[in-house]
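One structure is given here, and the rest of the page talks about it.
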Amino acid sequence: MRALLPHPLYVLGRPSAVVCFALLIILIAPGADAQIPRSIGPISDYGAVLDRHGRERIATRIEETKVRFGISVYLLADWENPYASATEYANAVYAAWGLSAQHRALLVVFLRAEGVWKHAAVGFDGPVGSDLATRVREGLADLVAHRRIEEAMDAVFDIAASRIEPIAASPESNEVPARPTGWITAGIVLFAGLLIWGIHRRVCPRCGRLLRVRRGAGTGRNAPSHRVYYCRSCGYERSSQPSRR
């Protein structure tokens, strides 16, 4: 019976059993990366703070901030904090998501633990990014303390707009379009005049069809022939011979 059911310590003493046990521990034990939530875009709302309309509004503001100021804003709302503070958690997320490699990326984290909301912000390298992160942390403190998280997310963009200068427009966009020169303007006016004259001369004023032309005999003895413009559709006629009084 003992041969069929060996002592557990004896089993663990075998090399193969030790390897299997070690692999099991590695698979079960959560790694450091498992504590960081996966990024699902600029808005990672694991805390279910925003509804559909709120998400669309915040997404629009994220895009506007990127175009106007060149800053990529990332928002994270979560329910768990495996680190000692919200700042440590935000720094770990900033590194795990690869935001350091991006140009001018700002991460704002909202954490809820035991019914209390906390927040942290991490900015891009340099004095501008550091100052922006500090201003965001200070500016959101009152809203987060009163659990107004959606308003705090909106306020992030207002703070960024008040601290960061807009991107200068490209030189091409500031150029005044060249005005047409004098001879071009004269050519346009001449062409318009000829077009109006041609329409008046060859288009029927009644039905708008093209007038036909035939030769008409003069009324006098030595009167030259003249042109008669007529419309085969409505019967309109006009003679080029001047009328006599």
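Those letters in the sequence shown? Residues 9 to 253, by this note's numbering. All residues carry an ideal CB built from backbone N, CA and C; glycine is no exception.
- [ ] Under 8 angstroms Cβ to Cβ from C215, same chain only, skipping five residues before and after it: list those, please.
- [x] C239, S241, C242 and Y244
Open item on the list: I need the straight-line Cα distance from Y97 to P174, nearest angstrom please.
Closed with: 30 angstroms
Task: Through-space distance from V136 to A121, alpha-carbon basis - done: 31 angstroms
- [ ] Measure the C-alpha to C-alpha separation of I167 and Q43 and round it to an integer number of angstroms.
- [x] 30 angstroms
Task: Reference L119, options H208, D53 and G131, closest by Cα - done: D53
Open item on the list: So, with DSSP's three-state summary, where would you put T142?
Closed with: helix
Task: Close Cβ partners of G55 (< 7 angstroms) along its chain, the five nearest in sequence each way excluded - done: A85, D86, W87, F118 and R120
Task: the stretch 144-153 contacting the stretch 125-133, beta-carbon criterion three pairs below 8 angstroms - done: yes
Task: Member of V75, V57 and A94 whose CA lies at the smallest distance from the CA of I172 - done: V75
- [ ] State yes or no: is the C-beta of E158 within less than 8 angstroms of the C-beta of V81?
- [x] no
Open item on the list: Measuring straight from C-alpha to C-alpha, what distance separates A3 and R156?
Closed with: An answer regarding residue 3 cannot be provided, because it is not within the stretch 9 to 253 covered by the chain.
Task: Inter-residue Cα distance where the pair is L202 and P213 - done: 17 angstroms
Task: C-beta contact flag for R69 and I51 at 8 angstroms - done: no
Task: Cβ-Cβ separation, L107 to I79 (assumed contact under 8 angstroms), whole Å - done: Not a contact, Cβ separation roughly 12 angstroms.
Task: Residue closest to S47, alpha-carbon to alpha-carbon, out of W105, R235 and I66 - done: W105
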